[in-house]
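Notes for the one structure printed next.
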Amino acid sequence: MDINIGTTHKVFHVLSKIGPAWIVMMADVDVASIITGLQSGAEFGFHMIFVMLILIPPLFIVQNAAGYLGIYSGMGVGEAIRQRYGRRLALLAAIPMASTDILSYIAEYSGIAIGLYMVGVSPYISVPVVFVIHNLIVLMRRYGRIESILMIVSVGLVLFIIVSVALMKPSWHSVILTGLNPIQPYGNHDFDIMIIANLGAIIMPFMIFYQAGASVQKSLLDQDIKISRNETAIGSIVSEVLMVMIVIAGTFIGGYATEPKMLAAALLPFGTYAYYITAAGFVTAGFLALIVISLASSWGIAEALGWKLYSGRRRGMHKAQMKGLTEERSDCDRRKFIYLYMGESIPAAAIALSFSAYLLPLVIDLMIVFVLVLAPVGVLLGLLVSDQKIMNGHRLSKRYMALFWFTLAIIEIAGLYSIITSI
Numbered sequence: 006m007d008i009n010i011g012t013t014h015k016v017f018h019v020l021s022k023i024g025p026a027w028i029v030m031m032a033d034v035d036v037a038s039i040i041t042g043l044q045s046g047a048e049f050g051f052h053m054i055f056v057m058l059i060l061i062p063p064l065f066i067v068q069n070a071a072g073y074l075g076i077y078s079g080m081g082v083g084e085a086i087r088q089r090y091g092r093r094l095a096l097l098a099a100i101p102m103a104s105t106d107i108l109s110y111i112a113e114y115s116g117i118a119i120g121l122y123m124v125g126v127s128p129y130i131s132v133p134v135v136f137v138i139h140n141l142i143v144l145m146r147r148y149g150r151i152e153s154i155l156m157i158v159s160v161g162l163v164l165f166i167i168v169s170v171a172l173m174k175p176s177w178h179s180v181i182l183t184g185l186n187p188i189q190p191y192g193n194h195d196f197d198i199m200i201i202a203n204l205g206a207i208i209m210p211f212m213i214f215y216q217a218g219a220s221v222q223k224s225l226l227d228q229d230i231k232i233s234r235n236e237t238a239i240g241s242i243v244s245e246v247l248m249v250m251i252v253i254a255g256t257f258i259g260g261y262a263t264e265p266k267m268l269a270a271a272l273l274p275f276g277t278y279a280y281y282i283t284a285a286g287f288v289t290a291g292f293l294a295l296i297v298i299s300l301a302s303s304w305g306i307a308e309a310l311g312w313k314l315y316s317g318r319r320r321g322m323h324k325a326q327m328k329g330l331t332e333e334r335s336d337c338d339r340r341k342f343i344y345l346y347m348g349e350s351i352p353a354a355a356i357a358l359s360f361s362a363y364l365l366p367l368v369i370d371l372m373i374v375f376v377l378v379l380a381p382v383g384v385l386l387g388l389l390v391s392d393q394k395i396m397n398g399h400r401l402s403k404r405y406m407a408l409f410w411f412t413l414a415i416i417e418i419a420g421l422y423s424i425i426t427s428i
């Protein structure tokens, strides 16, 4: 009996600590990634599956470092850069991410509009309604409430993607035979470009800012590092398995994600359930990513400017100290945070409503740009987690950092190659 009570307590303890890594990994499967995955399947069938699976280790290596930074330093990425290298460099790292995130907002709003259009809701109704709901969630004062909503949405996303692909009844023999074969059409220019686009879709700058910042917001401490690491590993695997599912779907329905009417026509042969579940998948993917990207972008700039936004307990602080910090956070900072967020969100929603048909086809190019925007953030992350002072004596090992730098170098070299060869 004591064992059962102890086991139950341990399970609830673990569940109380998960969230930051899982949520950011599911937000990685956003509308832009779905469009890229569907296009990959439409052009190359199951051949992109092997590439998706071998991207699991790079995704884990980079995101695990972000989680370590948040837990051991007690700071988000923007704040850690400001503390170590100054406010100017912190802003230089955050602003490019925020700029590209505006394009991501447009993709997410457009994806939600596509999903709701498939069930008969006009974008002129869906986008404003989603904008209001999104704002009500993002501007909540307590991160815990936001996280609870995101966890529910993320589970829905996983189920919608898996069920929608299962209803298409793919030949799993062909999936395994072709998709798991390491020999693929490397060297084919279009195939290589799609690989780079998927690289950009897998590790996006906002993910680094979110996981570190959310780990602080959730008050994760040293003893939670194993839970965070395992959560990041599981999230990396699930995220890429979902992308494999999306590639499989692309072989059936083509790359029509940017054209609602053609997408609807392509889905009809698979039955009513597949149609509506796919629509729900677009809505949940866009909504989840919209909130995560919003928080990551705003946190990054706010941390760089030294605004006091955290409501969670900071490293080494007792509750009494935290109360003082909470009171210290001025209403002025809160207002500035809202202005900053609205400055990104309102134009993105307006553009998505007016010009998404012209901008969505550029998503593949956006994914390639993400590879390059990742470079400065990735380098600074590597320097921070190698810094004994910032990490409070828990800097990452030389072996881990060798893997980190190798991974980042491969990603950036691949991105430069794709740009050079496409000129």
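For what it's worth, my numbering labels the leading residue of the sequence shown as 6, then goes sequentially. C-beta atoms are modelled at their ideal positions from N, C-alpha and C, and glycine is treated no differently.
Asked: For Ile418, is the classification buried or exposed, using 16 other Cβ atoms within 10 angstroms of its Cβ as the cut-off for buried?; Found: exposed
Asked: For Phe292, report the span of its alpha helix (DSSP H) as first-last.; Found: Thr277 to Leu310
Asked: Can you tell me whether Glu264 is helix, strand or coil according to DSSP?; Found: coil
Asked: Can you name, in chain order, every residue of its own chain whose Cβ lies under 6 Å from the Cβ of Gln326, other than the five neighbours on each side?; Found: Unreliable placement is indicated for Gln326, whose pLDDT of 43 sits below 50; no coordinate value is reported for it.
Asked: Quick check: the Cα distance between Trp27 and Thr237, rounded to an integer number of angstroms?; Found: 7 Å
Asked: Suppose you measure from the CA of His3 to the CA of Thr12; what does that come to, to the nearest Å?; Found: Given that the chain is displayed from residue 6 to residue 428, the structure contains no residue 3 and the question cannot be resolved.
Asked: Identify, in the order they occur along the chain, each residue of the same chain with its Cβ nearer than 7 Å to the Cβ of Leu247, setting aside the five sequence neighbours on each side.; Found: Val34, Val163 and Ile166
Asked: Of all the options Gly79, Gly205 and Ile230, which has the alpha carbon lying nearest to the alpha carbon of Met372?; Found: Gly205
Asked: On the DSSP letters alone, give me the boundaries of the alpha helix (DSSP H) that Phe65 sits inside.; Found: Ile61 to Ser78
Asked: Grab me the residues of Asp370's own chain with a C-beta within less than 7 Å of its C-beta, minus the 5 sequence neighbours each way, in chain order.; Found: none
Asked: Quick one: is His52 buried, meaning 16 or more other Cβ sit within 10 Å of its Cβ, or exposed?; Found: buried
Asked: Compute the Euclidean distance between the alpha carbons of Lys22 and Pro274, then round it to the nearest angstrom.; Found: 43 Å
Asked: When the distance is taken between beta carbons, is Leu64 closer than 8 Å to Glu245?; Found: yes
Asked: Could you check whether Phe211 and Val82 sit closer than 8 Å to each other, using their CB atoms as the reference points?; Found: no
Asked: What did DSSP end up calling Ile107 once you bin it into helix, strand or coil?; Found: helix
Asked: Using the Cα positions of Met145 and Tyr346, report the straight-line distance between them to the nearest angstrom.; Found: 13 Å
Asked: Under a Cβ-count criterion, where at least 16 other Cβ atoms within 10 Å of its own Cβ denotes burial, should Thr426 be classed as buried or exposed?; Found: exposed
Asked: Within a Cβ cutoff of 7 Å, which residues of the same chain sit near Ile61, ignoring the five residues on either side of it in sequence?; Found: Ser241, Ile242 and Glu245
Asked: Excluding five sequence neighbours on each side, which residues of the same chain lie with their C-beta closer than 8 Å to the C-beta of Arg400?; Found: Val390, Ser391, Asp392 and Gln393
Asked: Taking the continuous alpha helix (DSSP H) assigned at Phe51, which residues delimit it?; Found: Note, Phe51: premise wrong, no alpha helix (DSSP H); not H, not E.
Asked: Cα-Cα, which of Leu421, Tyr422, Gly383 and Gly255 is closest to Pro175?; Found: Gly255
Asked: Under three-state DSSP, which class holds Arg318?; Found: Any reading at Arg318 is ruled out, since the residue's pLDDT is 48, under 50, leaving its predicted position unreliable.
Asked: Starting from Gln189, follow the alpha helix (DSSP H) in both directions and report where the run begins and ends.; Found: Per DSSP, Gln189 belongs to no alpha helix (DSSP H) and is neither H nor E.
Asked: If you measure between the beta carbons of Glu48 and Met199, is that distance less than 8 Å?; Found: yes
Asked: Quick one: Cα of Arg87 to Cα of Ile306, how far?; Found: 10 Å
Asked: Give the straight-line distance between the Cα atoms of Ile157 and Ile138, rounded to the nearest whole angstrom.; Found: 15 Å
Asked: Tell me which residue opens and which closes the alpha helix (DSSP H) that Arg89 is part of.; Found: Val82 to Tyr90
Asked: Exposed or buried, which one is Phe136 when buried takes at least 16 other CB atoms within 10 Å?; Found: buried
Asked: If you follow the alpha helix (DSSP H) that Ser241 is in, where does it begin and where does it stop?; Found: Ile230 to Ile258
Asked: If you draw a straight line from the alpha carbon of Asp229 to that of Ile239, how long is it in whole angstroms?; Found: 16 Å
Asked: On the three-state DSSP scale, how would you describe Ser224?; Found: coil
Asked: How is Arg404 classed by DSSP in three states: helix, strand or coil?; Found: helix
Asked: Inspect the beta-carbon positions of Pro25 and Gln216 and report whether they are closer than 8 Å.; Found: yes
Asked: Judging by CA-CA distance, which residue of Thr289, Val132, Lys313 and Ala407 is the nearest neighbour of Ile159?; Found: The sequence given here places Ser at residue 159; Ile does not occur at that position. Nearest C-alpha to Ser159: Thr289.
Asked: Tell me whether Leu58 sits in a helix, a strand or coil according to DSSP, three-state version.; Found: helix
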